[in-house]
Every structure is written in C-alpha cells, then in structure tokens.
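Step one of this worksheet: look at the structure below.
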C-alpha cells in the first residue's frame, strides 16, 4: 500500500503521464520533478509566508518548473508573487500540486493585460500583476490599480485567508520602479490607508525601496518587517539582509498582529529577486 507523500507523488506521476499524451497542455513541456534540498518539508509549513518577485520578462524554458521547486523547497502556507503572468502562475501551481503534492488555492490581482508580456492572443492577452497562493481557501478578494503606476501599471491585491488558525487580511503589492520615488510615495500612501483598516495583517511585496526611504514611512508606522534587525533607521549596507541581485532590500513581509519567529532570504536562479520567507506567531 502506498500512503502519504508516496501516494501524492504516484498520483502526480499518473496525472503528468496523462498530460504528456495531450502535449501542449502540460506545464512548459517539462514533466520531471526537480529534486528538492535535503530536509525540505513534504507538506505545507503552518504559519509560514513568502514573498517573491518572479521576474518578467525572465521566463526561459523550464523556469516555471524551477520556480515551483524553489517554492516547494520551503512549502509556505501563503505565497505572494509579483510580476506574475496568470499563465505562468497556473503552470507553477500545477507543478506544485502534481509534482510536490502542494495543492494551493490561487487569486489574481492583474493590473495589465499584455500579449507581448504574458502571451495569449492579441484579442485575449495574458494578465500581469500580482498573485496570492494559499493553502487555505481565500475570500473577499480586492484588486486595486494605483492611480499612477509610474512607467508601468502597478497595484495591490488583498484577500482574507487563515494563518495561525485565525482569519487574516493578506496584501500583495508591487510599487513603482526604483527611480520613481515620488510615484512610490503616492502608492505607499494608498496602500497604507487600506492596511490600517485591519489589526491582523500580512503585507507582502516588492516595494522597490530600501528601508530608510521616505516613501516607506507610512508602512513603518503601521507594521514591522519580518526581519527583526531591519527597520527604517538601517542603512543600505546595515542590518537589513539584501533581497535582490543588486544588493538592496526591496522585498518585505510587513506584519500587524504577528511576530516573526524565523525568517530567511534564499537565492534563486529564476529571478533577480530572492525568495523571502517568514515563520509567524501571534503578537
């Protein structure tokens, strides 16, 4: 008898074999599970959350399979993805389910529909923006496009899901590019106003700003980062662990009503941003 994880992998193998028969519908055409690091969890890790800008356009052959393996290596309960094309997230989700036994719910916060960016057909282009994956069901999704996105449409999304056994409002955002501080200031104000309505909140995202940037003042007034050594007084080379290939901290897990018990920043070959995770407990 095959039970537990073995059963999930067996089921995944059968499903992927069927997918191989129909060809193009299989994610990226890649059907072999990428090995996970030793000690990787075999199920969702309770109260673990992650933020990751998966980079677009950075999609090379097999990258969605690699992205899924990177997520499965840490198996967070909640994942916020930025620069996410709907079709890529669908493939990542399929890999996570069929190859690693992690069956996520997903909600989207697309702010741009672009054939050149996300594929599809000229009259039915793919959606681009944010996505949230959650082990628990989500409800009351809200997707907001910032009034001024800067050089590209930007926005935030929010959902209610369950973390630490209780409902929590989860936000996921991507602020304007790093040269556009004035635009980010306006965007961060819009976001902070929405976050302030909730006492138990997790805010995930790529803020394109280092901790001491003035545009983040409102967020620091509401929440603490999951990195306990990182705050608005830190310098770019100080106590904040960097999260990008250009050695800046742009990616945050802001917390209201929670404390960070452990956090980590993980290099990846599939994006110019690192994966950032945090294990949470009640405040």
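In my numbering, the protein residues as written are 11 to 293. Idealized CB from N, CA, C, for every residue including glycine. Being a predicted model, the structure only gives us computed values, none of them experimental.
Backbone CA spacing between residue i and residue j [nearest angstrom]
i           : j           : result
residue 108 : residue 230 : 39 Å
residue 98  : residue 74  : 7 Å
residue 86  : residue 124 : 29 Å
residue 76  : residue 266 : 32 Å
residue 53  : residue 192 : 42 Å
residue 190 : residue 290 : 32 Å
residue 135 : residue 81  : 26 Å
residue 264 : residue 45  : 31 Å
residue 148 : residue 252 : 30 Å
residue 145 : residue 113 : 7 Å
residue 287 : residue 61  : 7 Å
residue 159 : residue 197 : 8 Å
residue 175 : residue 194 : 34 Å
residue 255 : residue 177 : 35 Å
residue 243 : residue 130 : 45 Å
residue 237 : residue 219 : 16 Å
For residue i, the residue or residues it bridges with in DSSP
i           : result
residue 134 : 131
residue 140 : 119
residue 268 : 292
residue 53  : None; residue 53 has no bridge partner.
residue 86  : 55
residue 91  : 62, 141
Residue burial classification, residue i (beta-carbon count within 10 angstroms, cutoff 16)
i           : result
residue 221 : buried
residue 33  : Note that residue 33 scores a pLDDT of 34, beneath 50, so its modelled location is shaky and nothing firm can be said.
residue 279 : exposed
residue 49  : exposed
residue 225 : buried
residue 216 : buried
residue 186 : buried
residue 271 : exposed
residue 293 : exposed
Distance CB(residue i)-CB(residue j) smaller than 9 Å
i           : j           : result
residue 128 : residue 281 : no
residue 121 : residue 88  : no
residue 179 : residue 227 : no
residue 119 : residue 166 : yes
residue 283 : residue 268 : no
residue 150 : residue 170 : yes
residue 105 : residue 285 : no
Min CB distance residue i to chain B below 9 Å
i           : result
residue 215 : The chain inventory of the structure shown lacks chain B, comprising one protein chain alone.
Which whole runs of the alpha helix (DSSP H) in the region 178-246 are 4 residues long or more, in chain order?
-> 191-205, 227-232
Within the region 57-84, note down every full beta strand (DSSP E) run reaching 3 residues or more, in order along the chain.
-> none
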